[in-house]
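Under the UniProt record's numbering, think of the first position of the sequence shown as 1, with each following residue one higher.
Here's the structure, in structure tokens; my notes come after.
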Amino acid sequence: MTNDIHSDKPQNSSISDNAHAATSSQEEGSRSAATSEEIKGLEEAQSLKEKILGAQSLSGKKPPSLYRVVLLNDDFTPEAFVMAVLRSCFGHNEEQSKNLIQEIQNKGSGVGGIYSYEIAETKMDQHLLLALTDDEEAAEVLNRKDISLEDLRRELREFLASGVIPTSRDELLTPPIPTLAFQRVIQRAIVRMQAENETTVSGIDLLLSLFSEKESFAVYTLMKRNFTRLEVLESSGRKDAAKQAQASAKMGRHPFHDPDDMGDEMEENPLQLYCRNLTEEAKEGRLDPLIGREKELFRTIQILCRRHKNNPLLVGHPGVGKTAIAEGLATKIVKGEIPDPLKKIEIYALNTGALVAGTRYRGDFEERIVALLEAIDDNPNALLFIDEAHVLMGAGSSNNSGTDAANLLKPALASGKLRCIAATTYQEYRQSFERDPALGRRFQKIDVAEPTEDQTLAILEGLKPKLECFHKVLYAPEALKSAVALSVRHLHQRQLPDKAIDLLDEAGAANRLKRPSGRKTPSKISPREIEDVLAVIANIPVPRLRRNEAARLRQLRSNLEKTIFGQQKAIDTLLSAVVLSRSGLRDV
1 MTNDIHSDKP QNSSISDNAH AATSSQEEGS RSAATSEEIK GLEEAQSLKE
51 KILGAQSLSG KKPPSLYRVV LLNDDFTPEA FVMAVLRSCF GHNEEQSKNL
101 IQEIQNKGSG VGGIYSYEIA ETKMDQHLLL ALTDDEEAAE VLNRKDISLE
151 DLRRELREFL ASGVIPTSRD ELLTPPIPTL AFQRVIQRAI VRMQAENETT
201 VSGIDLLLSL FSEKESFAVY TLMKRNFTRL EVLESSGRKD AAKQAQASAK
251 MGRHPFHDPD DMGDEMEENP LQLYCRNLTE EAKEGRLDPL IGREKELFRT
301 IQILCRRHKN NPLLVGHPGV GKTAIAEGLA TKIVKGEIPD PLKKIEIYAL
351 NTGALVAGTR YRGDFEERIV ALLEAIDDNP NALLFIDEAH VLMGAGSSNN
401 SGTDAANLLK PALASGKLRC IAATTYQEYR QSFERDPALG RRFQKIDVAE
451 PTEDQTLAIL EGLKPKLECF HKVLYAPEAL KSAVALSVRH LHQRQLPDKA
501 IDLLDEAGAA NRLKRPSGRK TPSKISPREI EDVLAVIANI PVPRLRRNEA
551 ARLRQLRSNL EKTIFGQQKA IDTLLSAVVL SRSGLRDV
């Protein structure tokens with residue numbers, strides 16, 4: 001007997017077709033010749049129904065008029081069922097339906113056994129995996145990982161044939177209803193296809209999409225064979241996607257992960273996923289040295305050695321060197337220039353963007369935070385550095401939700417289990433920490449003031465070797481002094497030492513671009529190159545920068561008197577203030 005579940009396939013006659021043909025045979029004379037065969041089909045279906053009723057022992061229940069029973073033979077396979085469901089999802093004329101049906105065509109024999117249409121509807125993902133074992137691309141990926149397709153098919157067939165439920169004749173006429181899990185699998189596969197600018201959904205796309213279903217027997221059968229989504233990406237040649245999936249994977253174990261079946265699979269540490277190890281970077285010499293800041297550094301170390309609320313908060317204007325203090329602490333740890341309680345500390349700089357990226361569903365962000373806190377709790381020597389700490393306020397929260405990163409970190413910060421160095425600006429401190437006293441009291445504020453010109457010059461002297469090595473140039477001592485003086489005089493909106501360092505760095509880059517190719521001897525940066533760079537940055541004419549300061553002060557009175565008349569007292573007062581400021585006597 002040949003049965004199908006849709007009346008729109010003329011080559012296969014379903015039970016519902018037979019029933020409909022039997023009741024309308026008198027009105028359609030042209031089909032009278034097939035009436036006897038259709039009645040015979042109904043009799044066979046009725047006999048099959050009685051066998052099912054006897055097997056299930058449905059005593060005390062009134063049997064329905066007709067049961068929608070599917071006979072799984074060579075003519076009706078799980079692949080045919082999936083194709084029928086796809087038609088009901090997308091329609092006959094949709095390109096997506098044609099592409100999907102083409103990818104999961106039946107290439108093998110059917111499944112022996114009897115089970116109900118409802119069971120088929122509730123096991124659609126198992127149907128899909130069984131169909132994918134006959135897909136050329138999916139089967140090739142499975143074979144590469146030494147997975148026996150016959151064993152996989154046998155286990156899926158046993159699961160599919162595990163139940164028989166009767167169905168009424170009225171329900172027989174309705175199309176199959178795809179489960180939510182099946183719809184999600186198809187939708188994810190289509191999204192992947194569109195993202196990759198493809199025109200067809202491949203078996204690989206369906207297999208990858210299937211792995212996103214957690215509570216699925218199909219996924220369980222693959223996990224049990226140490227076959228993961230990452231294996232599919234790597235075996236299919238999608239290396240970039242495999243790295244991205246590994247980097248954005250959640251830290252919690254999959255519900256079907258069995259420790260005995262995991263083999264050598266290791267989960268990456270959240271500290272490695274969402275943080276930079278500043279201590280390791282200091283060992284490799286990738287961090288800039290810390291010049292000065294002894295007072296701020298000592299205060300930071302002292303707070304870290306506290307029992308509770310041992311979290312320093314570095315507050316200062318942008319560019320004064322807050323991050324440099326954390327990096328300098330990592331360098332001192334590597335060199336051993338640190339008190340004994342902190343000698344084994346490892347500093348991890350939190351990447352808030354990586355922590356939030358990819359958290360599309362409720363609970364994803366919270367899981368990452370919890371996993372990060374557990375990793376820190378397991379490593380008592382871990383010290384977290386959070387630059388731009390105000391970003392934590394509201395990070396990961398949804399609309400009208402008070403659950404953000406800051407609130408999730410509060411208990412760990414108060415108990416002392418989480419040691420953290422945070423950095424923020426004065427403006428953000430007033431807007432975030434002062435408005436949330438519960439969070440602010442867990443941190444100990446350290447003011448990071450702007451360094452003086454002499455301190456900035458010392459910082460530039462310490463950074464000069466790294467800048468010279470990078471740009472293949474030599475900086476004259478006068479160039480360092482010129483960078484400090486010109487940045488203070490003309491870049492008023494920025495802070496030392498950041499603006500002076502930028503002048504040196506850009507002067508080296510400009511010289512490097514002008515250097516003839518093949519030249520091996522390093523060029524020398526003079527104050528003239530610093531002035532040229534500042535003229536571009538501050539949009540100031542170069543002759544005005546190069547004019548002697550003393551000469552300009554001598555001509556200041558005459559220049560003012562040429563444009564201002566009858567205001568001699570005001571000119572004298574202004575001239576006196578300018579001369580006093582330029583002489584440096586005001587700082588004494």
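Quick reminder that beta carbons are idealized off the backbone N, C-alpha and C, glycines included.
Rounded C-alpha distance that separates residue i from residue j
{"i": "Leu372", "j": "Gly363", "result": "14 Å"}
{"i": "Leu491", "j": "Gly416", "result": "42 Å"}
{"i": "Lys464", "j": "Glu453", "result": "16 Å"}
{"i": "Asn226", "j": "Arg157", "result": "20 Å"}
{"i": "Lys499", "j": "Gln493", "result": "10 Å"}
{"i": "Met193", "j": "Glu294", "result": "57 Å"}
{"i": "Thr359", "j": "Ser209", "result": "17 Å"}
{"i": "Ala509", "j": "Arg519", "result": "15 Å"}
{"i": "Leu418", "j": "Ile376", "result": "7 Å"}
{"i": "Thr563", "j": "Val578", "result": "18 Å"}
{"i": "Asn381", "j": "Arg306", "result": "14 Å"}
{"i": "Leu556", "j": "Val356", "result": "57 Å"}
{"i": "Ala211", "j": "Thr228", "result": "What sits at residue 211 in the sequence shown is Phe, not Ala. Approximately 8 Å between the Cα atoms of the pair."}
{"i": "Glu155", "j": "Gln187", "result": "26 Å"}
{"i": "Leu222", "j": "Ala139", "result": "13 Å"}
{"i": "Asp134", "j": "Leu287", "result": "54 Å"}
{"i": "Leu173", "j": "Phe365", "result": "Note that Leu173 has pLDDT 45, beneath the 50 cutoff, so the model's placement of it is unreliable and no number is given."}
{"i": "Val448", "j": "Gly336", "result": "24 Å"}
{"i": "Ala55", "j": "Thr179", "result": "Residue placement at Ala55 is poorly supported in this model, since its pLDDT is 38, which falls under 50; the coordinates still yield a value, given next. Computed Cα separation, rounded: 27 Å."}
Residue i, DSSP secondary structure in three states
{"i": "Val315", "result": "strand"}
{"i": "Thr323", "result": "helix"}
{"i": "Asn269", "result": "coil"}
{"i": "Asp8", "result": "Any reading at Asp8 needs caution, since the residue's pLDDT is 40, under 50, leaving its predicted position unreliable; the model's value is listed next. The answer is coil: DSSP assigns Asp8 none of H, G, I, E or B."}
{"i": "Lys295", "result": "helix"}
{"i": "Asn197", "result": "coil"}
{"i": "Lys98", "result": "Because Lys98 sits at a pLDDT of 47, beneath the cut-off of 50, its placement in the model cannot be relied upon, and the following sentence gives the value as read from the coordinates. Of the three classes helix, strand and coil, the one that applies to Lys98 here is helix, per DSSP."}
{"i": "Ala382", "result": "strand"}
{"i": "Ile147", "result": "coil"}
{"i": "Arg276", "result": "strand"}
{"i": "Glu346", "result": "strand"}
{"i": "residue 603", "result": "Since the first residue of the chain shown is 1 and the last is 588, residue 603 is not available in this structure."}
{"i": "Asp205", "result": "helix"}
{"i": "Asp288", "result": "coil"}
{"i": "Asp364", "result": "helix"}
{"i": "Asp387", "result": "coil"}
{"i": "Val69", "result": "Confidence is the limiting factor: at Val69 the pLDDT is only 33, short of 50, which leaves the residue's position unreliable and the question unanswerable from this model."}
C-beta contact flag for residue i and residue j at 8 Å
{"i": "Leu409", "j": "Leu383", "result": "no"}
{"i": "residue 669", "j": "Leu496", "result": "Not covered by the structure: residue 669. The range shown for the chain is 1 to 588."}
{"i": "Ala389", "j": "Ala354", "result": "no"}
{"i": "Leu503", "j": "Val542", "result": "no"}
{"i": "Lys445", "j": "Val315", "result": "yes"}
{"i": "Tyr274", "j": "Asn351", "result": "yes"}
{"i": "Thr425", "j": "Pro312", "result": "no"}
{"i": "Leu130", "j": "Val185", "result": "no"}
{"i": "Pro516", "j": "Gly292", "result": "no"}
{"i": "Ala195", "j": "Asp125", "result": "no"}
{"i": "Ile325", "j": "Thr300", "result": "yes"}
{"i": "Ala282", "j": "Ala330", "result": "yes"}
{"i": "Thr521", "j": "Val484", "result": "no"}
{"i": "Asn511", "j": "Glu529", "result": "yes"}
{"i": "Glu150", "j": "Gly203", "result": "no"}
{"i": "Lys309", "j": "Ala414", "result": "yes"}
{"i": "Phe385", "j": "Ile345", "result": "no"}
{"i": "Ile333", "j": "Lys322", "result": "no"}
Expected contact under 8 Å - CB spacing of residue i and residue j to nearest Å
{"i": "Leu132", "j": "Leu230", "result": "About 18 Å separates the two Cβ atoms, so there is no contact after all."}
{"i": "Glu327", "j": "Leu278", "result": "6 Å"}
{"i": "Val473", "j": "Lys524", "result": "7 Å"}
{"i": "Val201", "j": "Ala189", "result": "5 Å"}
{"i": "Pro270", "j": "Arg368", "result": "7 Å"}
{"i": "Ser526", "j": "Glu461", "result": "Not quite, the Cβ-Cβ distance comes to about 17 Å (not below 8 Å), so this is no contact."}
{"i": "Leu560", "j": "Ile571", "result": "5 Å"}
Cβ-heavy atom distance, residue i to the ligand HEM, below 7 Å
{"i": "Glu280", "result": "Among the components of this structure there are no ligands whatsoever, and the ligand HEM is therefore not found."}
Test: residue i CB closer than 8 Å to a CB of chain B
{"i": "Ser216", "result": "The chain inventory of the structure shown lacks chain B, comprising one protein chain alone."}
Query raised in the report: Taking the runs of the alpha helix (DSSP H) that are 4 residues or longer, which of them lie wholly in the segment 451–493?
Result: Counting only runs that start and end inside the segment 451–493, the alpha helix (DSSP H) elements of at least 4 residues fall at 453–471 and 477–490.
**Report entry** 4 or more residues per run - each alpha helix (DSSP H) lying fully within the segment 390–445
**Finding:** Listed in chain order, the complete alpha helix (DSSP H) runs (minimum 4 residues) inside the segment 390–445 are 405–415 and 437–440.
**Report entry** alpha helix (DSSP H) runs contained entirely in the segment 492–562, provided each spans 4 or more residues
**Finding:** 498–514, 527–538, 542–546 and 549–554
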